[in-house]
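The opening residue of the sequence shown carries number 0 in numbering that gives the first Met the number 0; numbering runs sequentially from there.
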Amino acid sequence: MHKNLLKLLFPSLCYGCNELLLNNEKIICSSCIHHLPYTHHHLLEQNDTLNKFYGIVDLEFAYSMLYFHKEGIVQNLIHQLKYKGKQEIGTFLGLNYAPSLQHLKEKYRIDEIIPVPLHPKRLKERNYNQVETFCLALSNELGIPYNDTLLFRNEYSKTQTKKNKVERQTRGKNLFEVKNSPEFNGKHFLLIDDVITTGATIEACTKALLKIPNAKVSVITLAYTQS
């Protein structure tokens, strides 16, 4: 009774389209789930995400879960996750994507999942890293340890949305560093980010991780921006 009254007074809305959720729906409505623009990169030897970094950094594999279009469902989801504190979206998408990635641990022998880190000042402002719940869902479902302390960001900068294209592409050469230790030598790291636009952030993180002797890096992102 009390729960039904709360639902009546404060109805749950879909984070993708802002429409009312039905009683059996959570986070995202059935229509939005049906229309999510999956990339199916995990089925392709060559794909947009991997090709983005061809000749720039050496990756074992690179996938994006979804395509990002302006004013689309994915933009709404990322905005709610990144700026509105709706961390449950990351968990939902991670649980949704994990069954497609069950081959990773055996085929690629991934040792650790690494989130693209926020600068401590940004983390204090936002109180969370927007990819953490996505990472944790994948970690739990795939049985791959999560490490959010290995890679760190040196420089506090304005958000990607407030940077112009030139700034995004030219910044970041020494933006990230690793807390190196012999225990990480030869490990295969799965780097996770939210959205790929120019690829500059992933590039900078990958170069930092590859400074670890004999390290390997692969990438998964929530979304890939189609031009």
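Heads up, the beta-carbon is just placed ideally off N, CA and C, and yes, glycines get one too. Since the model is a prediction, treat every value here as computed from it, not as a measurement.
Would you mind sorting residue i into buried or exposed? The rule is 16 or more other CB atoms within 10 Å of its CB.
i    : result
Y62  : buried
D57  : exposed
N17  : exposed
L122 : exposed
N126 : exposed
T38  : buried
L19  : exposed
T205 : buried
P98  : exposed
G84  : exposed
G54  : exposed
E154 : exposed
R152 : buried
L65  : buried
Y96  : buried
N213 : exposed
H273 : An answer regarding residue 273 cannot be provided, because it is not within the stretch 0 to 226 covered by the chain.
L12  : exposed
Q86  : buried
L5   : Only weak support exists for where L5 lies, its pLDDT of 44 falling under 50; the value from the coordinates is given anyway. So L5 counts as exposed.
Using a Cβ-based criterion (distance less than 7 Å to any ligand heavy atom), does residue i qualify as near the ligand NAD?
i    : result
K210 : Absence of the ligand NAD is noted for the structure shown, with no ligands found whatsoever.
Are the CB atoms of residue j and residue i within a distance shorter than 8 Å?
i    : j    : result
K51  : I195 : yes
V177 : I143 : no
F133 : L221 : yes
L94  : E140 : yes
I88  : Q74  : no
E111 : K186 : yes
I113 : L149 : yes
G15  : I72  : yes
I109 : S217 : yes
V115 : T200 : yes
L49  : F60  : yes
F91  : I191 : no
D193 : K120 : no
H41  : L100 : yes
A203 : F175 : yes
L117 : N128 : yes
Where do the ends of the alpha helix (DSSP H) carrying residue i lie?
i    : result
R108 : Run containing R108: none; DSSP gives neither H nor E here.
F133 : E131 to L141
V73  : I72 to Y82
L208 : A199 to L208
Pull the bridge partners of residue i from the DSSP assignment, please.
i    : result
I219 : Y62 and I191
E87  : Note: E87 sits in no beta bridge, so no partner.
Y67  : The question names Tyr, but residue 67 is Phe in the sequence shown. According to DSSP, which records beta bridges pairwise, F67 is partnered with T224.
Y145 : I112
From what residue to what residue does the beta strand (DSSP E) around residue i run?
i    : result
E176 : F175 to V177
L122 : Element bounds for L122: not the beta strand (DSSP E) but the alpha helix (DSSP H), P119 to R125.
L150 : L150 to R152
Could you tell me whether the Cβ of residue i comes closer than 8 Å to any Cβ of chain D?
i   : result
N46 : No chain D is present in this structure, which holds just one protein chain.
(message) Please give me, in chain order, every unbroken run of the beta strand (DSSP E) with length at least 3 that falls completely inside the region 9 to 47.
(response) none
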